[in-house]
Amino acid sequence: MIQPELHSAVEMPVELWVNNKIITTFMCTPSDLEELAIGHLLTRGMIKDISHIDDININLNTYQIFVTTNKPISTKLYSVPEFVLSGTSSVDKFSNNIYKIPKIENDFAVELSKIVKIANTMEKEAIIYNTTGGVHGAIVADTEKNIHFVREDIGRHCAVDKAIGISLKKGLDLSNTFICTTGRISLDMLLKCAVVQIPIVASLKYPSDMGINLANYYGISIVSRILSENPLIYTNEQRIIK
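For the sequence shown, UniProt numbering assigns the number 1 to the initial residue and increments by one for each residue that follows.
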């Protein structure tokens, strides 16, 4: 019997250094690393604006990202442990840190058909995803300007960071965009989008209950099963034009 070709997704530890201090180590696909750094620093609240970054250097021999900023980075991270009260199983017991991120109160809305079209574009342009099935894809789109950016990574969080990073690098106003991802919309994924003010989050998968609660609070619309016959709209339905 002929052995079929075996595919695998590349995974590497990549260190992120900011101002000569190690911040984290990503287990990621080692591509688009500058965009990964930008997206991660913004969505974790370590910097407030991309203009706070002076320089980014990538060492592909040691798999390290070196970032220099012109302002001190925040040590108060926007992360799940900072937002969920410990010792509780209730999905609505968030800490007061929830108030540190502004609600998205604009009237941005988009046709469901356009979100589906962009999700199909993500699938078509996600080359590694189609080859191996072992990575996640994410796409940020501004359909009014006919602009979109697709990025891939073995980690769903890193894929989202990369897509957000390239969008910020190219000057998109994220409050007038939406994001689609192959991964589930968990609390942590929703939190990333809230920090950078993305008003619509769509996915091939389902959301978590805590992700839904947070989306309701921040004014974010969640659409799941976006490529199914009947996509499901969970929150802030006014943003989705049927």
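C-beta: ideal position from N, C-alpha, C; glycine also.
In this structure, Thr-43 sits near Tyr-78, with a CB-CB distance shorter than 9 Å. Residue burial is scored here from C-beta neighbours: Asn-61 has fewer than 16 other C-beta atoms within 10 angstroms and is therefore classed as exposed.
Rounded to whole angstroms, the gap between the alpha carbons of Glu-111 and Ala-37 is 31 Å.
If one requires a minimum length of 3 residues, the beta strand (DSSP E) runs lying completely within the stretch 116-150 are 136-142, in chain order. Excluding its 5 nearest sequence neighbours in each direction, Trp-17 has C-beta neighbours in its own chain below 8 Å: Ile-23, Gln-64, Ile-65, Phe-66, Val-67, listed in chain order. In the DSSP annotation of this structure, the continuous segment of the alpha helix (DSSP H) that includes Lys-192 starts and ends at 187-195.
For Asp-153, the pairing in a beta bridge is given by DSSP as His-136.
Counting the other Cβ atoms within 10 Å of the Cβ of Val-80 gives fewer than 16, which makes it exposed.
Per DSSP, reduced to three states, the secondary structure at Met-12 is strand.
Remark: C-beta atoms of Thr-177 and Pro-199 approach each other more closely than 9 Å. By the Cβ-count criterion, Leu-232 is exposed, with fewer than 16 other Cβ atoms from all chains shown falling within 10 Å of its own Cβ.
One Cα belongs to Ile-212, the other to Met-189, and the distance between them is close to 11 Å. Only exposed fits Ser-51, as fewer than 16 other CB atoms lie within 10 angstroms of its CB. Cβ contact annotation for Met-46 (same chain, cutoff 6 Å, sequence separation greater than five): Ile-73, Ser-74, in chain order.
If you draw a straight line from the Cα of Val-201 to the Cα of Ala-126, it is about 18 Å long.
The beta carbon of Lys-114 lies closer than 6 Å to those of Thr-143 in the same chain, with the five residues before and after it left out. Using a Cβ distance threshold of 9 Å, Ile-154 and Val-140 do not count as a contacting pair. If you keep only unbroken alpha helix (DSSP H) runs of at least 4 residues inside the stretch 10-47, you get 33-43. Looking at the DSSP output, Ala-202 bridges to Cys-180, Val-223. Annotation for Ile-212: the continuous alpha helix (DSSP H) segment containing it runs 209-218. Asp-107 sits in coil when the DSSP states are folded into three classes, being neither helix nor strand.
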